[in-house]
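Taken in sequence, the protein lines are chains X, S and A. Residue numbering for the first sequence follows the working numbering, starting at 6 and increasing by one per position. Residue numbering for the second sequence follows the working numbering, starting at 157 and increasing by one per position. Residue numbering for the third sequence follows the working numbering, starting at 78 and increasing by one per position.
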Amino acid sequence: MKAFWKSMLRHPGGVIGLVILFITIFIAIFGPTIFPTSPWRMVQRPFLPPFTNPAVLLGTDALGRDVFAGIIYGARVSLLVGMVSTLVALIVGVPLGATAGYFGGRVDDALMRFTEFFQTIPSFPLAIVLVAILQPSIYSIVASIGIVSWPPVARLVRAEVLSLRTREYVQAAIVTGQSNSWIIWREILPNALSPVIVLASLMVATAILLESSLSFLGLGDPNMISWGYMVGAGRTVIRQAWWITVFPGVAILLAVLAMNLVGEGLNDALNPRLAKGSR
Amino acid sequence: MLKHFLLGLALTSSLCTAALAQEPKMGGTINAVIQPEPPGLMLALVQNGPTQMVSGNIYEGLLRYSKKLEPLPGLAESWTVSPDAKTYTFKLKPGVTWHDGKPFTSADVLFSVETLRVTHARARGNLVQVDKVEAPDDLTVVFTLKQPFGPFLGIFEVGSMPMIPKHIYEGSDIKTNAANNAPIGTGPFMFKEWKKGSFIQLVKNPNYHIKGKPYIDSIYWQIIPDAAARSVAYETGKVDVLPGGSIENFDVPRVSKLPNTCVTGEGWEFFSPLAWMWLNNRQGPTANKLVRQAIMYAIDREFARDVIWNGLGKVATGPSASTIKYYTDDVRKYPYDPAKAKALLKEAGYKGEKIRMMPLPYGETWLRWAEAIKQNLNDVGITIETVATDVPGYNQKIGEWDFDISYSYLYQYGDPALGVGRNYVSSQIVKGQQFNNVEGYSNPEIDQLFADGAVATPDSKRKEIYDKAQKILVEDVPVAWMLELQFPTIMNCKVKNLITTGIGVNDGFRDAWIDK
Amino acid sequence: MLSFVAQRIVKGVVVLLAIVVMNFFLIRLAPGDPAVVMAGEAGASDPQFVQQLREKFSLDKPLPEQLLSYVKGIVTLDLGFSFRQQMPVSKLISERIGATLLLTLTAFAISLVLGIFFGTLAARFAGSWGDSAITAAALVFYATPIFWLALMAILLFSVYLGWLPSFGYDTVGANYTGLAYVGDVALHLIMPAMTIGLFFMATYTRMTRASMLEVKRLDFVKTARAKGLRDNVIQRRHVLRNALLPVVTLAGVHAGTLIGGAVITETVYAWPGIGRLMYEALLQRDYNLLLGVFVVCSAMVLIFNLITDLVYRLVDPRIEFAS
Numbered sequence: 006m007k008a009f010w011k012s013m014l015r016h017p018g019g020v021i022g023l024v025i026l027f028i029t030i031f032i033a034i035f036g037p038t039i040f041p042t043s044p045w046r047m048v049q050r051p052f053l054p055p056f057t058n059p060a061v062l063l064g065t066d067a068l069g070r071d072v073f074a075g076i077i078y079g080a081r082v083s084l085l086v087g088m089v090s091t092l093v094a095l096i097v098g099v100p101l102g103a104t105a106g107y108f109g110g111r112v113d114d115a116l117m118r119f120t121e122f123f124q125t126i127p128s129f130p131l132a133i134v135l136v137a138i139l140q141p142s143i144y145s146i147v148a149s150i151g152i153v154s155w156p157p158v159a160r161l162v163r164a165e166v167l168s169l170r171t172r173e174y175v176q177a178a179i180v181t182g183q184s185n186s187w188i189i190w191r192e193i194l195p196n197a198l199s200p201v202i203v204l205a206s207l208m209v210a211t212a213i214l215l216e217s218s219l220s221f222l223g224l225g226d227p228n229m230i231s232w233g234y235m236v237g238a239g240r241t242v243i244r245q246a247w248w249i250t251v252f253p254g255v256a257i258l259l260a261v262l263a264m265n266l267v268g269e270g271l272n273d274a275l276n277p278r279l280a281k282g283s284r
Numbered sequence: 157m158l159k160h161f162l163l164g165l166a167l168t169s170s171l172c173t174a175a176l177a178q179e180p181k182m183g184g185t186i187n188a189v190i191q192p193e194p195p196g197l198m199l200a201l202v203q204n205g206p207t208q209m210v211s212g213n214i215y216e217g218l219l220r221y222s223k224k225l226e227p228l229p230g231l232a233e234s235w236t237v238s239p240d241a242k243t244y245t246f247k248l249k250p251g252v253t254w255h256d257g258k259p260f261t262s263a264d265v266l267f268s269v270e271t272l273r274v275t276h277a278r279a280r281g282n283l284v285q286v287d288k289v290e291a292p293d294d295l296t297v298v299f300t301l302k303q304p305f306g307p308f309l310g311i312f313e314v315g316s317m318p319m320i321p322k323h324i325y326e327g328s329d330i331k332t333n334a335a336n337n338a339p340i341g342t343g344p345f346m347f348k349e350w351k352k353g354s355f356i357q358l359v360k361n362p363n364y365h366i367k368g369k370p371y372i373d374s375i376y377w378q379i380i381p382d383a384a385a386r387s388v389a390y391e392t393g394k395v396d397v398l399p400g401g402s403i404e405n406f407d408v409p410r411v412s413k414l415p416n417t418c419v420t421g422e423g424w425e426f427f428s429p430l431a432w433m434w435l436n437n438r439q440g441p442t443a444n445k446l447v448r449q450a451i452m453y454a455i456d457r458e459f460a461r462d463v464i465w466n467g468l469g470k471v472a473t474g475p476s477a478s479t480i481k482y483y484t485d486d487v488r489k490y491p492y493d494p495a496k497a498k499a500l501l502k503e504a505g506y507k508g509e510k511i512r513m514m515p516l517p518y519g520e521t522w523l524r525w526a527e528a529i530k531q532n533l534n535d536v537g538i539t540i541e542t543v544a545t546d547v548p549g550y551n552q553k554i555g556e557w558d559f560d561i562s563y564s565y566l567y568q569y570g571d572p573a574l575g576v577g578r579n580y581v582s583s584q585i586v587k588g589q590q591f592n593n594v595e596g597y598s599n600p601e602i603d604q605l606f607a608d609g610a611v612a613t614p615d616s617k618r619k620e621i622y623d624k625a626q627k628i629l630v631e632d633v634p635v636a637w638m639l640e641l642q643f644p645t646i647m648n649c650k651v652k653n654l655i656t657t658g659i660g661v662n663d664g665f666r667d668a669w670i671d672k
Numbered sequence: 078m079l080s081f082v083a084q085r086i087v088k089g090v091v092v093l094l095a096i097v098v099m100n101f102f103l104i105r106l107a108p109g110d111p112a113v114v115m116a117g118e119a120g121a122s123d124p125q126f127v128q129q130l131r132e133k134f135s136l137d138k139p140l141p142e143q144l145l146s147y148v149k150g151i152v153t154l155d156l157g158f159s160f161r162q163q164m165p166v167s168k169l170i171s172e173r174i175g176a177t178l179l180l181t182l183t184a185f186a187i188s189l190v191l192g193i194f195f196g197t198l199a200a201r202f203a204g205s206w207g208d209s210a211i212t213a214a215a216l217v218f219y220a221t222p223i224f225w226l227a228l229m230a231i232l233l234f235s236v237y238l239g240w241l242p243s244f245g246y247d248t249v250g251a252n253y254t255g256l257a258y259v260g261d262v263a264l265h266l267i268m269p270a271m272t273i274g275l276f277f278m279a280t281y282t283r284m285t286r287a288s289m290l291e292v293k294r295l296d297f298v299k300t301a302r303a304k305g306l307r308d309n310v311i312q313r314r315h316v317l318r319n320a321l322l323p324v325v326t327l328a329g330v331h332a333g334t335l336i337g338g339a340v341i342t343e344t345v346y347a348w349p350g351i352g353r354l355m356y357e358a359l360l361q362r363d364y365n366l367l368l369g370v371f372v373v374c375s376a377m378v379l380i381f382n383l384i385t386d387l388v389y390r391l392v393d394p395r396i397e398f399a400s
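And the structure:
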């Protein structure tokens with residue numbers, strides 16, 4: 006663990022990513038407590054430019070709502086959607102990939118056909134259709150992002166399991182008569198974890214982007230403010246009020262960037278062999 | 157003895173004098189925005205907004221209507237009404253031809269009326285009082301009514317009753333006729349090309365029945381799906397005309413201030429769109445009249461007009477827009493008064509039960525408006541949960557009464573008998589519809605008043621009836637009226653004389669010309 | 078090799094049929110149907126009218142019957158009739174697919190060429206200031222939401238600078254012919270293609286860089302170097318060629334998904350492609366049209382995957398055509 010942190014901290018990008026990520030998480034958790042003004046409240050005159058009134062630092066939107074409050078509250082939704090939908094994808098993808106890789110043969114064939122099937126349908130259109138069917142809400146958004154993003158997880162886990170399966174300690178466990186699920190959960194998966202963690206961190210980034218795209222198309226949850234919603238709502242007035250669109254856009258960019266940097270840092274830290282090679 | 161009601165010709169010539177202040181120039185092309193892409197251009201089959209806008213150039217109706225909603229000659233050059241107000245005789249304009257050169261006659265009118273009764277839901281409703289339609293000769297059409305119907309002369313506008321060619325559709329299945337893809341009308345412009353997803357092109361009808369018109373050679377209706385892209389298209393000179401509603405309201409003030417830009421709110425008098433909140437009168441807190449009144453006091457409609465509609469439009473006082481017949485503002489008033497709203501809620505015994513609100517999924521303006529109202533209602537202690545849907549989901553939920561609060565704006569078609577009564581009389585509580593008494597308001601007195609109002613004569617009697625109806629409705633608040641909407645038409649100032657009637661852009665570009 | 082291709086095609090057809098069936102039911106789960114939408118737009122929706130429309134669209138028939146007649150159509154390459162647009166779906170799609178292919182393939186070419194170029198450059202000077210700059214830039218493009226980038230590009234290039242048209246496929250009404258027309262379309266193509274292209278470029282840059290560095294350490298490169306081959310030659314002949322394998326794989330996956338995924342770009346730039354068509358069909362519950370677009374997009378994905386596999390096998394002769 007110590008070695009992990011050490012190598013993580015040696016990676017400057019990873020450090021920057023971690024710092025941004027921690028700040029975002031902090032805002033997401035404590036922001037609304039520190040800053041209780043609801044982002045839906047009309048607090049000032051509409052279209053107030055940023056940096057003119059310290060009470061509404063980032064200006065106001067078309068209804069006179071505080072853009073800064075939107076950024077603070079939006080962090081919660083964006084992060085939540087990013088993480089929970091990734092979790093959904095992992096819950097579907099990891100067991101599926103592990104089963105396919107471990108049992109091989111017909112099971113593998115069937116499960117991989119199933120995965121291919123989902124990879125063949127264009128993912129963004131599928132996500133749009135799913136949200137439209139379930140009607141936009143935080144649950145339908147999380148579910149659809151999860152559903153369109155699990156196939157890469159399954160493939161990765163399958164590949165890892167395939168190679169780990171032949172290792173001696175796994176073979177030994179099989180010989181000693183351990184149950185299949187015990188072997189998968191206790192022997193194989195923990196060792197396949199690091200590439201999955203790396204992939205998951207990148208998936209959180211992609212999910213945040215996906216959520217913002219859905220919101221942009223008007224398929225966001227109307228009861229929760231999110232950064233993508235803010236960009237979508239602000240784009241019609243982008244000419245007279247750039248700040249409504251630019252600040253949440255930058256927020257998305259930073260969050261996604263941070264997740265990617267962390268992902269790369271993790272990659273280097275968890276796969277030291279590669280890290281040295283690429284330096 | 158037939159009493160001459162209005163002699164159309166005299167009115168036309170007076171309109172012309174006004175237009176001739178500047179000599180119209182021939183030629184040129186107008187680029188206009190159409191949004192969304194219409195599903196088809198055959199006006200007898202499809203009647204959505206974009207179709208009416210484009211096809212109003214291709215087809216014509218028997219009458220047109222001035223901005224004061226007086227009937228003007230269209231394909232009918234004059235008309236008379238019998239003293240018992242049950243027989244309407246129209247004289248058709250001679251020498252009118254369809255785009256394919258065949259003459260337009262009374263047979264076409266009869267055919268159109270019969271067809272529309274099947275395919276055009278609103279026309280069917282409008283024609284309910286018609287007993288028979290006859291054509292004594294090629295240029296005369298006589299409508300005989302079962303009983304007098306006050307608004308009858310108001311149902312002949314092109315979108316409500318377009319004239320379609322008998323020789324093309326007779327004996328064929330009108331829905332699948334190949335001509336629907338290249339519609340044939342009598343209008344000033346002819347269909348040329350439709351490149352799906354890009355544009356619809358109409359060209360000048362060289363044999364139009366008004367000599368010398370139209371002035372313009374060609375119209376391109378451009379299809380641009382994104383509202384921001386539409387305003388950029390105007391800004392960069394790629395389109396000349398933004399019909400009402402083409403760009404988001406928040407962008408209107410900026411675009412209006414661009415150089416060489418002319419803006420008009422005229423051309424919507426016939427439709428007079430009135431926006432309101434549906435309040436479900438059947439169930440939940442909104443079934444209580446006091447809660448509904450509280451909602452009226454709680455919503456800040458001036459704010460909505462000034463901020464969301466940029467000062468355009470008028471705060472509604474009741475079920476009728478101020479532009480239509482028999483409007484009165486002698487009714488209970490609901491100023492923005494949160495304290496009074498709270499008091500009423502308390503009296504009603506409302507305890508913060510959750511109320512589901514479904515915004516109108518028609519773009520940013522309506523979403524922002526719903527958000528502002530949610531905040532208004534929160535402020536007086538009403539708990540709102542917003543339910544998001546897209547257009548089909550909205551249509552279905554409204555039709556099945558699956559909402560507590562929702563939104564809509566409806567056209568009023570100039571007369572309370574055509575566009576107001578339908579939302580409040582109990583015979584119009586029919587599941588599966590979305591333009592009738594969706595809220596489920598039921599009051600025998602109102603039913604009687606609207607029944608009487610439609611057939612009463614003379615006008616003063618009708619006014620008396622509708623005054624009373626408005627008073628009762630405003631007291632009961634079956635729905636929460638918000639604004640009389642105005643959809644400004646924005647155009648490059650070189651486009652002249654675009655909007656000359658109360659039907660506006662939907663009446664076609666017949667009189668428009670380009671100043672070079 | 079032929080049997081390999083044949084096998085893949087058979088598998089593809091099965092997958093496509095499964096997609097048809099799944100989407101057929103999926104779409105019908107959504108609230109509202111085309112009759113409700115059209116009646117709503119007509120401004121008059123009495124039940125009689127809605128019923129008329131349902132009958133016209135055959136929506137009053139039982140679901141299995143609808144599915145059967147749809148699948149029967151598909152087998153004969155008939156994608157059905159668009160209720161709303163009053164046209165065969167195949168015609169609507171074929172009218173639009175050209176625009177989408179032009180957009181996505183251009184974007185694809187831009188992203189691949191730029192991505193490999195910058196990736197190679199970064200790997201060549203790994204650890205330097207230039208490497209960091211390229212890597213950082215790639216990451217920023219990767220993290221930027223496409224719709225936001227598109228809006229900013231329109232603001233900059235159309236509104237402030239006035240260099241590029243902000244929407245559409247060509248200048249409507251200009252009636253250019255020949256080269257002038259090609260130029261006109263190209264001008265309209267630049268911004269949308271760059272918007273998509275930059276996003277994917279970022280991926281390829283990072284991938285190429287990583288892959289190059291990986292390959293560099295491998296034995297055969299060391300051998301080549303030991304043999305005294307010049308660095309340029311090593312880079313071109315040995316490193317690049319091998320490093321591109323994963324890039325090609327990824328590109329193949331992207332090429333297919335790009336086609337359906339251009340919804341946002343096509344919407345913001347009013348590009349008349351099938352991504353937009355799909356979104357509009359969804360909002361209008363135009364079942365047949367929506368299904369048709371899904372079928373075509375999925376078929377594209379399968380075709381591109383097949384092409385990728387073939388290319389892969391050409392680039393890397395070690396892989397045999399076994400299934």
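All residues carry an ideal CB built from backbone N, CA and C; glycine is no exception.
Taking M271(A) as the query, report the chain X residues whose CB atoms sit under 8 Å from its CB, ordered along the chain. Near M271(A) there are no residues of chain X at all, since even the closest Cβ is about 18 Å away, more than 8 Å.
Please report the distance separating the alpha-carbon of V82(X) from that of N592(S). Straight-line measurement puts the Cα of N592(S) at about 39 Å from the Cα of V82(X).
Test: M268(A) CB closer than 8 Å to a CB of chain S: no
Counted within 10 angstroms of its Cβ, other Cβ atoms place Y364(A) as buried (16 or more) or exposed: buried
Buried versus exposed call for S616(S) [16 or more other C-beta atoms within 10 Å across all chains shown]: Per the 10 Å Cβ criterion, exposed.
Using a beta-carbon distance cut-off of less than 7 Å, what residues from the region 578–607 of chain S approach chain X? none
Would you say G69(X) faces chain A, with C-beta separation under 8 Å as the test? Judged by the 8 Å Cβ criterion, G69(X) is not in contact with chain A.
I'd like to know whether the C-beta of E132(A) is nearer than 8 Å to at least one C-beta of chain S. no
Would a check of beta-carbon distances place I380(S) closer than 8 Å to chain A? Residue-level contact check: I380(S) touches chain A, since one or more beta carbons of chain A fall below 8 Å from its beta carbon.
Using a beta-carbon distance cut-off of less than 8 Å, what residues from the region 104–119 of chain A approach chain X? I104, L106, A107, P108
List the whole-angstrom C-beta distance separating V97(A) from L368(A), where the pair is believed to meet the contact cut-off of C-beta under 8 Å. 7 Å
Is there a C-beta anywhere in chain S that falls below 8 Å from the one on I223(A)? no
For V209(X), which residues from the same chain have a beta carbon less than 7 Å from its beta carbon, with the 5 sequence-adjacent residues on both sides left out? G87, M88, T91, M264
Terminal residues of the alpha helix (DSSP H) in which R512(S) lies: It is not in any alpha helix (DSSP H) - R512(S) instead sits in the beta strand (DSSP E) that spans 510–514.
Does F102(A) come within less than 8 Å of chain X when only Cβ atoms are used? no
Give me the Cα-Cα distance between V651(S) and P292(S), rounded to the nearest whole angstrom. 42 Å
Taking just the CA atoms, how far does Y569(S) sit from T613(S)? Answer to the nearest angstrom: the Cα atoms are 20 Å apart.
Where Q361(A) sits in the DSSP three-state scheme: If DSSP states are grouped into helix, strand and coil, Q361(A) belongs with coil.
Excluding sequence positions up to five away, which residues of its chain have a Cβ less than 8 Å from the Cβ of G19(X)? M13, L266, V267, E269, G270, L271, D273, A274
Going by DSSP, what residue range makes up the alpha helix (DSSP H) through N534(S)? 520–535
DSSP-derived helix/strand/coil call for D293(S): strand
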